[in-house]
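Comments concern the structure below.
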Amino acid sequence: MKENGGKWEKFFKWINGETTIDSVILENSRKKRFAKRKLRHQKAKFIALRLKHSKRRIQEIICIIVAVVFIGILLKTASELPTCGKPDNPVNNEVSERYLEKGVEETGSINLVSGMILDYRAFDTFGESCVLFTAVICVAMLLKRDKNNIDPIEDQELKEDEEIKNADGSLILKFVARLVIPFIFLYGIYVILNGHLSPGGGFSGGAIIGAGLMLYSTAYGQENTRRFFTYETFKKVSATCLLIYCFSKGYSFFTGGNHLKNIIPKGIPGNILSSGLILPLNICVGIIVACTMYGIYSFFTKGDI
Amino acid sequence: MILDYVLLIFLILCAIGTTITKNLLDAVIIFMAYSSVMAVIWALLQSPDLAITEAAVGAGVTGILFFITLKKIHSVKGTRD
Amino acid sequence: MTNMLRFLTENHYEAGAIILFGIGFLNLLLQDNLIKKFIGLNIMDTAVYLFLVSQGYIAGHTAPIATVGQKALASKFINPIPSGLVLTGIVVSVSVTAFSLALVQRLYKKYGTLSLDKVLVLLKEDKEDESNP
Amino acid sequence: MNLIHNIPFFSIFLAMFAGIVTILIKDGDKARRLHLSITVVIGIMSFILLMYTYTKEQRFTFMMGHFPSPWGNELKAGPLEAMLALLFSVVMFLSIIGGKHLIKKEILPEKQGFYFIMMNLIFGAMLAIIYTNDLFTAYVFIEINTICSCALIMAKDSGSSIIATIHYLIMSLLGSGFILFSIAMLYSITGQLLMTQLKGSIMVLLSSGEYNFPLTIIIALFTIGIAIKSGLFPFHTMLPGAYDSATTASSAILSGLVLKSYIILLIKMYYCVFTINMIRQMRITNLLFFLGLCGMVIGSLLALKERRIKRELAYSSVAQIGYIYMGIGIGSDLGIEAAVLNIIAHALAKALLFTVVGRMKDVSLSQDFNHCLKCAAHKDPIAGIGFLVGSFSIIGIPLFAGFASKLYLAIASFISPAKMASAFIIIAASMILNAMYFIPPTIDIWSPVHESDGNYGPRAKVSKSFALSTTAFIAINLLVGLNYKYIVHIVDIGIQLMH
Chain A
1 MKENGGKWEK FFKWINGETT IDSVILENSR KKRFAKRKLR HQKAKFIALR
51 LKHSKRRIQE IICIIVAVVF IGILLKTASE LPTCGKPDNP VNNEVSERYL
101 EKGVEETGSI NLVSGMILDY RAFDTFGESC VLFTAVICVA MLLKRDKNNI
151 DPIEDQELKE DEEIKNADGS LILKFVARLV IPFIFLYGIY VILNGHLSPG
201 GGFSGGAIIG AGLMLYSTAY GQENTRRFFT YETFKKVSAT CLLIYCFSKG
251 YSFFTGGNHL KNIIPKGIPG NILSSGLILP LNICVGIIVA CTMYGIYSFF
301 TKGDI
Chain B
306 MILDYVLLIF LILCAIGTTI TKNLLDAVII FMAYSSVMAV IWALLQSPDL
356 AITEAAVGAG VTGILFFITL KKIHSVKGTR D
Chain C
387 MTNMLRFLTE NHYEAGAIIL FGIGFLNLLL QDNLIKKFIG LNIMDTAVYL
437 FLVSQGYIAG HTAPIATVGQ KALASKFINP IPSGLVLTGI VVSVSVTAFS
487 LALVQRLYKK YGTLSLDKVL VLLKEDKEDE SNP
Chain D
520 MNLIHNIPFF SIFLAMFAGI VTILIKDGDK ARRLHLSITV VIGIMSFILL
570 MYTYTKEQRF TFMMGHFPSP WGNELKAGPL EAMLALLFSV VMFLSIIGGK
620 HLIKKEILPE KQGFYFIMMN LIFGAMLAII YTNDLFTAYV FIEINTICSC
670 ALIMAKDSGS SIIATIHYLI MSLLGSGFIL FSIAMLYSIT GQLLMTQLKG
720 SIMVLLSSGE YNFPLTIIIA LFTIGIAIKS GLFPFHTMLP GAYDSATTAS
770 SAILSGLVLK SYIILLIKMY YCVFTINMIR QMRITNLLFF LGLCGMVIGS
820 LLALKERRIK RELAYSSVAQ IGYIYMGIGI GSDLGIEAAV LNIIAHALAK
870 ALLFTVVGRM KDVSLSQDFN HCLKCAAHKD PIAGIGFLVG SFSIIGIPLF
920 AGFASKLYLA IASFISPAKM ASAFIIIAAS MILNAMYFIP PTIDIWSPVH
970 ESDGNYGPRA KVSKSFALST TAFIAINLLV GLNYKYIVHI VDIGIQLMH
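Chains as they are written, first to last, in the working numbering: chain A, 1 to 305; chain B, 306 to 386; chain C, 387 to 519; chain D, 520 to 1018.
What follows is the structure in structure tokens.
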């Protein structure tokens, strides 16, 4: 349609019934929009340029001077800080010692970092999950399709993309995706489940699974992903996981704060079913992160999940 | 020891590179390289947890999000096909 | 001067982190393009994380993954606290990045530009239009 | 086991829980009702906590988990924290019911649920910032606060609100970067993150004279970070656009509460980590005092120049933030008490003013220029009276809440001789300027549309929720203004217990 341009030609085509009226209107609105935008753009450019030469120079120079002085002061400060890598630095005090010496015994986790963030300092980690949740809600608020956020050109493009994906437009991608995706998911699940035994945990594993979902959606189109992952599932799954997180950590904070006994067994350190709440929490965090990452991705691309 | 310096200097060069490139795509790619090198440095500093997370989140997901944003921007501009 | 040199050789991670922080800071202040601004922000954040991680490092010690029944771990492992803090920080910064990029997309749809100066000029024009219709 | 000790933990988790559950609710009205009921519950709990801590004169710690203080997280609550939590819930509740109509009108129906998720989360984050005893937790919740406040600004979804959000976001993130860096450096020289332990190690460092220069830089960085976030004078540029373009309830909560929560964190840092004497010796108080004075004058002057009423209120917030920082900058207990009093008075008055202006904008020609607000007070007299009360409180007329804070600021500066003269002159000048920029809109809203015919036009339909919220705001303002001695007493005990 694009190669034989010209308004009249299109018009005749439309009369002959070769194209729909929608696309003509679309094309026209697109042009109008661009013209308007271009005009504004040029006007703004002109004004901005004029501003730039007078004000911006001085501002930039002041900023650079301030920043250089600032870096100098910070470097001076850092030169007085303890030397990196010495075992007798102030950071290596009784706090880290207990995390290391008693960590396995008190949390049941072999990976001491996991034990620390999900047991000793779990409140931070709860806040962190809430930050992720906040971010995905904000992205949904901004990019979800609605009255204020609809663009016919973009819709058209999305439709084209989807058509290409449904036809055999990206064979290589599909082939590679079919090979790689199972391994990505397996690796992600492995990282999550072994969060208390080896490096990794809910966040990294969840990000890996999220990336796998993104790849699936890129290769097979969003319609296919929607068969098992819609906005409703997203909402329910992430809310459930966050609530489980909220309640289980709430339970352990409550018992801890009131000096009650924690009845959750620790298990034998080193086993996969051990370390008390850390394993379920890791799974919850993993699911939240995977949902969030995929959610953000699909809001970015399609404006919906 | 020398590896440390090389990696650090590479990091600083990458950071300056993102500032001075005119092309946004270049800037994003340089930033992804920066994140990957950062992951390597953290692995050298004996923090494998961080290295995995940074490689997956910092270089992977953040990079993808930047790319999609760039794509959206160009598609609106009309330079897509 | 010798002090500074010694610092650069011994605390090279801190020095690098602070230089990166400065570059990110400058980027955030001076860049007109919003995407580059947010890249600068990310650089600034990762610089702070590098600083923290280097504080937790102890030469000759390994990553804190215990084996069962091991004793006297504090003399073998690095400090786990900075790792935990940075893990939290990374997630915070990816959330912030996602949010800001979503904002950038909406902004572009509305005004067709990524330059902050131009947007501010356009906004002023909009307001003038509103005030004398 | 003492159930009252669980209140801080319960209130944070309840707010967070409500935020998470709200995503499952489709209807905006139900989401609002859930938020309001949560606010009421938290308000009642905070009141009980306030009574308990005030009568016992006690500040207790609550262990978050099974590990004691240098290893696990902690919450700490005393009279001051409890009172601020109570204030936050009251102002939040009243601003939401006062701005209910506008929320319904300005935010798309399918996004109202999201809006209330953000409200719940920001409430939880503010409570966590007040109660926490751990620096890194404070940082994480500061970030939640930042993202949520940006979401509240952009909820209206117009072009100007998106630009204002970007501006606000960039400034806030700059502040967060500074705060995070200062926390990292502080950690590297002490190895602690909990405030109680930090104080101990800093005392040791001070007496040995080690790391003196880094400590100064750390405090300066932290202060600058908080100052950027709370809109102290040279960093105030993001406020007017944000408050102008956000919906009424958002502006009320952002200017009344969110900025204040950062300042409370700063005060807590000054007392529970560094001591106020140390801050005074490092001359950081002098800097804050100077910037506060500048903010008071320049904020008022900018407000005088401004024609859009919501921007005018934003600049007036800049001036009030200047008062608060001036109080901190005096560098004595009395000064900090005056600052906290001003936080309370300003939260009440500014939330009232934003709510009222939103309503007047709604009933008049729906333009927020002063000349279009003409006659708005006749259309809804309660709004007119509310505007009067709010502006009286901000100016500092006796009987209203703002008077007490200005009085105590003056007393505090009286005791510190070096700063007395400048503080007196600027407070007097600023009060006159406040009165000057509130007089034109007040005349405007009470005068008829056309001078000649004297026709006031018909009354607008009475909005029950708005009337309720405004009368409650006015009543609380008068209550605080008349009984300020009690509040001063509570604040005094709270500050003494923080030493």
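We put the beta carbon where it would ideally sit given N, CA and C, even for glycine.
{"Item": "Burial state of I444 (chain C), where buried means 16 or more other Cβ atoms lie within 10 Å", "Value": "buried"}
{"Item": "T961 (chain D), enclosing alpha helix (DSSP H) - first and last residue", "Value": "936-965"}
{"Item": "Beta-carbon proximity check, G877 (chain D) vs V610 (chain D), cutoff 7 Å", "Value": "no"}
{"Item": "Three-pair Cβ contact test at 8 Å for the stretch 204-220 of chain A versus the stretch 183-193 of chain A", "Value": "yes"}
{"Item": "Contact set between the stretch 473-488 of chain C and chain D, restricted to residues whose Cβ is under 8 Å from the partner", "Value": "T474, G475, V478, S481, V482, F485, S486"}
{"Item": "For E359 (chain B), the three-state DSSP class (helix, strand or coil)", "Value": "helix"}
{"Item": "Amino acids of chain D, ordered along the chain, whose beta-carbon sits closer than 8 Å to that of V507 (chain C)", "Value": "Here the premise fails: no neighbours, minimum Cβ distance about 11 Å."}
{"Item": "Nearest-angstrom Cα separation, counted from C284 (chain A) out to I531 (chain D)", "Value": "21 Å"}
{"Item": "Of the residues D:I542, D:K787, D:A864, D:G846, the one placed nearest A857 (chain D), counting alpha carbons only", "Value": "D:G846"}
{"Item": "Residue-level contact to chain A via CB, D331 (chain B), 7 Å cutoff", "Value": "no"}
{"Item": "Distance CB(R121 (chain A))-CB(N592 (chain D)) smaller than 7 Å", "Value": "yes"}
{"Item": "Cross-chain neighbours of L391 (chain C) in chain B, by beta carbon under 9 Å", "Value": "Per Cβ cutoff of 9 Å: no residues; L391 (chain C) is ~14 Å from chain B at best."}
{"Item": "Touch test, the stretch 976-988 of chain D against the stretch 605-625 of chain D, Cβ-Cβ under 8 Å, three pairs minimum", "Value": "yes"}
{"Item": "Rounded separation between V104 (chain A) and D331 (chain B) - CA only", "Value": "46 Å"}
{"Item": "Any chain B beta carbon closer than 7 Å to N397 (chain C)", "Value": "no"}
{"Item": "R827 (chain D) (DSSP reduced to helix, strand or coil)", "Value": "strand"}
{"Item": "Reduced DSSP category for G846 (chain D) - H, G, I as helix; E, B as strand; rest coil", "Value": "helix"}
{"Item": "Under 7 Å by beta carbon: chain D residues contacting T134 (chain A)", "Value": "L640, I663, I666, C667"}
{"Item": "Start-to-end residues for the beta strand (DSSP E) that takes in T580 (chain D)", "Value": "579-583"}
{"Item": "Expected contact under 8 Å - CB spacing of L784 (chain D) and A657 (chain D) to nearest Å", "Value": "6 Å"}
{"Item": "Sequence-distant residues of its chain with Cβ nearer than 7 Å to L603 (chain D) (five each side left out)", "Value": "I649, I783"}
{"Item": "8 Å contact criterion, which E831 (chain D) and Y927 (chain D) should meet: CB distance rounded", "Value": "With a Cβ gap of about 26 Å, E831 (chain D) and Y927 (chain D) do not count as contacting."}
{"Item": "Segment contact flag, the stretch 429-440 of chain C with the stretch 396-407 of chain C, C-beta cutoff 8 Å, min 3 pairs", "Value": "yes"}
{"Item": "Contact list for the stretch 705-723 of chain D against chain A, Cβ threshold 7 Å", "Value": "Y706, S707, I708, T709, G710, Q711"}
{"Item": "Pair within 7 Å by beta-carbon distance, S780 (chain D) and L860 (chain D)", "Value": "no"}
{"Item": "Inter-residue Cα distance where the pair is D887 (chain D) and G1000 (chain D)", "Value": "Unreliable placement is indicated for D887 (chain D), whose pLDDT of 46 sits below 50; no coordinate value is reported for it."}
{"Item": "Interface residues of chain F facing D431 (chain C) [CB-CB closer than 8 Å]", "Value": "The chain labelled as chain F is not found among the protein chains of the depicted structure, namely A, B, C and D."}
{"Item": "Where Y435 (chain C) falls, given that 16 or more other Cβ within 10 Å makes a residue buried", "Value": "buried"}
{"Item": "Environment of V507 (chain C) [buried if 16+ CB atoms lie within 10 Å]", "Value": "buried"}
{"Item": "Within chain D, partners of P82 (chain A) - CB distance below 8 Å", "Value": "S707, I708"}
{"Item": "Expected contact under 8 Å - CB spacing of I71 (chain A) and G408 (chain C) to nearest Å", "Value": "4 Å"}
{"Item": "Sequence ranges, alpha helix (DSSP H) only - wholly within the stretch 580-660 of chain D, length at least 4", "Value": "598-617, 619-625, 628-650"}
{"Item": "Contact with chain A by I689 (chain D), beta-carbon distance below 7 Å", "Value": "no"}
{"Item": "Residues in the stretch 345-370 of chain B having any Cβ partner in chain A nearer than 7 Å", "Value": "P353, D354, I357, T358, A361, V362, G365, V366, I369, L370"}
{"Item": "Partners in chain D for I137 (chain A), counting only beta-carbon separations shorter than 8 Å", "Value": "I542, F633, I636, M637, A670"}
{"Item": "Those runs of the alpha helix (DSSP H) which lie wholly inside the stretch 78-121 of chain A and span at least 4 residues", "Value": "94-107, 112-115"}
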